[in-house]
Amino acid sequence: MLWQDKHAALTFMSLLLLLWQEAAPIEVPEDPKIQQDLKQPPTIMKQSVKNYIVDPRDNIIIECEAKGNPVPTFSWRRNGKFFNIGKDPRVTMRKRSGTLEIGFRSGGRPEDYEGEYQCFATNDFGVSLSNKILLRVSKAPLWPKEVLEPVSVTEGSALVLPCNPPPGLPPPFTFWMDSNMSPIPQDKRVSMGLNGDLYFSNVLAQDANTDYSCKARFLFTHTIQEKNPYKLKVQTKEPYNDTSYNASEPHGDRKVAESTPTFLSPSGSESSKMVLRDEQLLLECIAAGLPTPIIKWFKKGGELPGQKVKFENFNKTLKIVSVSEEDAGEYVCMANNHLGTIRHSIFVQVKAAPYWLHKPSDQVLAPEENGRLVCRANGNPKPRIEWLVNGQPIESSPTNPNRQVLGDTIMFHSVQIGSSAVYQCNASNEHGYLLANAFVNVLDLPPRMLGPKNQLIKVIKNNRTFLDCPFFGSPLPELRWFKNGQGSGLDGGQYRVYINGTLEIKRARAEDEGTYTCVASSILGKAENQVRLEVKEPTRIIQAPEHQSAIRGSTARFTCRVTSDPSLPVSVAWMKDDKPLYLGWRLKKDDESLSIPNVNEGDEGTYTCAAKSEIDQLSASARLTVLEVATLNPSVSSALLPARPDPPMDLDLSDPAARSVRLTWIPGKEHRSPITEFLVQFEEDRWEPGRWQNLSSYPGDLNSVILQLAPFVNYQFRVIAINSVGQSDPSRPSPRYKTTGAAPDAIPKGLRGWGSRKDNMEITWEPLLDLERNGPNLHYIVWWRRKDAEEEWNNLTTVGTKHVVHNTEIYVPYEIKIQARNEFGAGPESNLVIGYSGEDKPTDAPTDLRVSKVDSTKVIIHWNPVDLNSVQGEFKEYRLYYWRESSQVPGLVVSKEKKVKGFYSTTVKPSGMLSDLAPYSNYKMFMVVANNRFESQPSNTVAFTTKEGVPDAPRFFKINRRSLDTIHLEWAKPLEPNGILTGYQLKYQTVNGSKVGPFQLETFFPNVTEFFLRVPDRSSRYKFFLSALTQVGKGEDYAEESPHFTNEENFTDTTDLGNKTKKDVKSQQPPINVVDLIPGVVYHLRVYSHLFNSVSSKSVTFKTKAAYIDQVDIATQGWFIGLMCAIALIILILLIVCFIKRSRGGKYPGGGYTSCFTKALVRDKKDLPLDAVDQKDQDGSFDYQNGSSVPDRNENENSSDEDNKPLQGSQTSLDGNVKESDDSLVDYGEGGDGQFNEDGSFIGQYTVKKDKDETEGNESSEATSPVNAIYSLA
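In terms of this note's numbering, the sequence shown opens at residue 1 and continues consecutively.
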């Protein structure tokens, strides 16, 4: 029967929740008339703190302030019983307040009033309660007198000097000093513990030089008490001389026994500590030992929260501020010196006094409406929720059929007049309690209009218009609008009625003029108000002022013609640089213009014409630039260039709102370039003080803007003006403006869940940005539950960005969501995110790994898959490890580095291809299955051998040198033969520009690595292709060109033109300068690739300019006429000498005269052809291989056989050269080499006559004479 009753009750509650329709609570406007007449239960506004410690020397004041209508009356309970204030003359209560004052002028002890106090504020509609205030009197007891014997201690051993201060309220602050009132120096060896004791990790002999006294400072009494000092006697094995003390060697040369670390505090190997959420956690480890141990901290199973952890007291104390649940766990401190290491584990439990998740709030309801109060709190242990009504437990209060308690929620349905009350929610556990008052005020008020009566609203045509009609009533009245007293109500089309009673007209037209009536009605009556609307034509500036420049002393005139609605008077005002313009005696203004006579520099600026009517205003601006008279000259005016604008001035803030403010400024001078844009920057002093950030930019014609701001930020602003030249300097900062706080708008990003261990899941997210916090005390509420398990949500509140869920199953999905909260409320919840707990090592491994279709570079692999449930995590891939065990090529050493390849396959018979293998090699491999963190045990290991393949290219291929008719080729074996080499193949062909010859083929044995190629045409270039051979076939070609100079070109035509000078210029990037060219010479140019010799450009032909010669008529120069005369005279003398010799029948044969004359004119003939390998010829030419150049010969003239014949009348030497006669003109000519510069200019005409023997030793029979010099010059 009992079970049936419970079942029926549960069924009724379920139906009640399903059918529940809750009305929104009524918001009472802040209108003074409404507030004055509104009946309201009491609300506690101010109260003393829960733990209230008072100074015994002062009067005791216990605060309790409340509001309500009627004004509340106050009463107190002390230790749970009624406190009769009237019977105690020392206790008084302030007027219209519940604050108690307890005075002791007439005697009495403050200790007699210690106890627990609670205030009750009462009026006709309910009772509101304060917190229970525990009043205690501060105490500062005296230190008990004691005689302390000197403490004897052996040098190097540990020591603890206890402090044991007298217990005070609040506890005193302790510290250590010596008898000279100097603080005891503390370091990693000597320090004070959290309990006030002084710890010595090891004692030094010089510690006996100081006495040690513990002091206790009591905060309320501002007194310091001290303990009798300790004196130390340090026993040393060897004499100690304090004058020889050295901090780096504290024991000097004396031998002091060293010791391994031991813990002085705490003792043992482990301890525990409990701390409450949001409080401060202090963990301490102090160790003894010699040398002094070093203390280190770490947390098992995670990292220390770096943002919250601080290390104090020389690393002996770990401090965590604002502890949260995720800070629980095992903390380990480690002490070590070179003799050993010890550890101590501290198990931290984080409990929590109750804290609010959803604090109940006041409700104003109309009769017959529904509502609810929700009281949700969390803590550790879970707090117990208890409801009270008007200070009495709800169970013992009178029964209310319209009220139902459902755990942490009270449901109200069809509330009635007279059921107003104050409800208290008490959430408590063993660590504390929370108490919240929330009233339910059942209010019945007939409709009432709150705005002015019969308003006249004038609006501009085509503008959006709002007609306000504020109203109030309980129950909330229904509002309707009518126009001219007709119609069925305005809503829809271009009309829209808001819930607050405002009527919006989206676009006001002339036909919208009239009287609008708003009517608010409810079951208690109705109220109405009227608004008359007039639609006006807008004010317009039909001729705006224009930018102009005026010469100093002239007159400037700005025109501003305005038109407006005839019924609206318009005033026109002028401003200069956004300040009112003072006209004075000089400036003149009429209805349509402003005149500025006798312009000077002070008149320069921006002039604004502002037209203002009763309901609208607009303005137009123009810039006046004052010019000097000299600027009429273009060459001078060009000096007046535009410049950057001056910074804006006089920043002002107005129209403050919750998330916006209006910023106004005065633009600076434009400096002949109009301002096109203003950049507004901000700086805030909470998150990044001193850093200016861009907020927004605005057009250059604005100087007043509304800035959209973030909540809970203390802003200041500055403005930068921008024109075509650049940005101005920033303006001076504005006054600071602090926005009010609000609940967060943003959702934390990057929410994810993943396992760092097999039995946990780490939930992480990105913190909100500083400007997204919107208020203080930002924290996050994170929820999680098993997916598809129909579990209740688990939740946690934290200020961090990570929470670890422990004791999870291996790799199971969780649903996760998060919400940011601050002191002003909660932000939006995130979408659900699926996270997974941690992974473990896969239990099964792939089996029966095997290969098929083995090729030279690839192989097909097969294996038996694993059960995906055995992966124990997300299946990532089958991971194949393989390595090259050896090569089948004898003597070839290979790398055995392991390589990895992944295969993703969920088929029943998986397979895959392994490629990029080295041919003719022995391989081994095995396979594992992998999840995100672990790999399984390996499968069976498989060995296989790849087949023989074609070899790689030879390791190098060089063209070492080129002689007259031979090219020497050299190469090396391939790094990877990929099989047994059977030889090499060389293909080559001639290359002449874009023309190529047929391929020729050479083959070599595998032990041959060089080849000499006989070249029939020594001027030809060749392209070579060398490859290695195996039984499988030919490998990759190694291509090279000859000659082996990448940028060199041998210009050889089909006809024999003789040798040409060749020059190579190497460069990485164009353009390049080719220097050291000869003036007046024709060159052919082709560009080749350094890496790919077969890639080249087309040939380009160009001719250098002739050497620079002054354009002077040489025939008119005196020196030239004299020179010609001298040469003619010499020639005449030579002719006479030749004639005399011939007539005497000298040594010359019959052709002697001709021979003599021919030798004199030998420069008329071309030089003999020279091989490119010749080092230097007698005519001064150089081969290109030596880096020299020679004057270009006439390329259009062919060589003849006559050039190679000996001259008539000359003797031929044994080596085939023509030998000159002993009696030659050389003996008579004052010859010498005619020398020229590279540009062809003449250096000298004559040199000292050479000896005959020297002349005969020359290979050339040609002598240099003045005649030669003349021909050379020509």
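No residue lacks a Cβ here, since even glycine has one placed at the ideal position from N, Cα and C.
On a Cα-Cα basis, can you pick out the residue from A1039, P674, V160, L796 that is closest to C214? V160
Short Cβ contact (8 Å threshold) for T990 with S1027: no
Between the C-alpha atoms of F104 and D55, what's the straight-line distance to the nearest angstrom? 12 Å
At the level of alpha carbons, what is the spacing between E766 and R786? 23 Å
Could you give the uninterrupted runs of the beta strand (DSSP E) lying entirely in the region 780-805, keeping only those of 3 residues or more? 794-798
What number of angstroms, rounded off, separates the C-alpha of S1097 from the C-alpha of E1040? 17 Å
Which ranges does the beta strand (DSSP E) cover as unbroken runs of at least 3 residues, wholly within the region 468-552, from first to last along the chain? 471-474, 478-483, 495-497, 503-505, 514-522, 525-536, 540-543, 548-551
Can you round the beta-carbon distance between T843 and N864 to whole angstroms, since I take them to be within the 8 Å contact cut? Not quite, the Cβ-Cβ distance comes to about 15 Å (not below 8 Å), so this is no contact.
Jot down the residue ranges of each uninterrupted beta strand (DSSP E) in the region 308-349, minimum 3 residues, whole runs only, in chain order. 309-312, 317-320, 329-337
Nearest CA to the CA of A427: which residue from Q455, L388, P398? L388
Return the Cβ separation of Q693 and F717 in integer angstroms, given the expectation that the two are a contact with Cβ distance under 8 Å. Actually they are not in contact, since the Cβ atoms of Q693 and F717 sit about 11 Å apart, beyond 8 Å.
Counting Cβ pairs closer than 8 Å, one from the region 134-150 and one from the region 168-178, do we hit at least three? yes
Can you tell me which residues form a DSSP beta bridge with E815? R785, I834
Taking one C-beta from the region 273-286 and one from the region 309-323 each time, how about it: are there three or more such pairs within less than 8 Å? yes
Start-to-end residues for the beta strand (DSSP E) that takes in V389: 384-389
Helix or strand or just coil, what does DSSP make of C1125? helix
Collapsed DSSP secondary structure at E65 in the structure displayed: strand
Taking the alpha carbon of A527 as the reference point, which residue from S654, K483, S567, P477 has its own alpha carbon closest? P477
Is there contact between the region 253-264 and the region 320-337, where contact requires at least three CB pairs shorter than 8 Å? yes
In whole angstroms, what separates the C-alpha of K987 from that of V950? 17 Å
With DSSP as the reference, label A972 as helix, strand or coil. coil
For V1323, three-class secondary structure by DSSP: The structure shown does not extend to residue 1323, since the chain is modelled only from 1 through 1274, so no value can be given for it.
Applying the 10 Å Cβ sphere with the 16-neighbour rule, what's the burial state of S420? buried
Could you name each continuous beta strand (DSSP E) segment of 3 residues or more that falls completely within the region 180-243, going from the start of the chain to the end? 190-192, 198-200, 213-218, 223-226, 232-235
Range of the contiguous beta strand (DSSP E) that encloses R1117: The residue asked about is misnamed: residue 1117 is Gln in this sequence, not Arg. Counting along the chain, Q1117 falls outside any beta strand (DSSP E), and DSSP gives it neither H nor E.
Backbone CA spacing between A1107 and Y1022 [nearest angstrom]: Only weak support exists for where A1107 lies, its pLDDT of 48 falling under 50; the value from the coordinates is given anyway. Straight-line Cα distance between these residues: approximately 37 Å.
Once DSSP output is grouped into helix, strand and coil, what is the label at V719? strand
Backbone CA spacing between S856 and L304 [nearest angstrom]: 55 Å
Alpha-carbon spacing of K686 relative to L769, whole angstroms: According to the sequence provided, residue 686 is Arg. The question's Lys does not apply to it. About 12 Å.
Give a yes or no on whether the C-beta atoms belonging to L583 and K589 are separated by under 8 Å. yes
Taking 7 Å as the limit between beta carbons, can you name the residues of its chain near I102, skipping five residues before and five after? N59, I60, R90, V91, Y113
Given 8 Å as the limit, is there contact between the region 545-561 and the region 596-608, that is, 3 or more CB pairs closer than that? yes
Can you round the beta-carbon distance between G126 and V422 to whole angstroms, since I take them to be within the 8 Å contact cut? 4 Å
Is the beta carbon of E670 sitting closer than 8 Å to the one on R732? no
Alpha carbons only, please: which of P393, G115, D178, P110 is nearest the one belonging to K81? G115
Just tell me which of P569, I542, F439 has its CA closest to the CA of V562. I542
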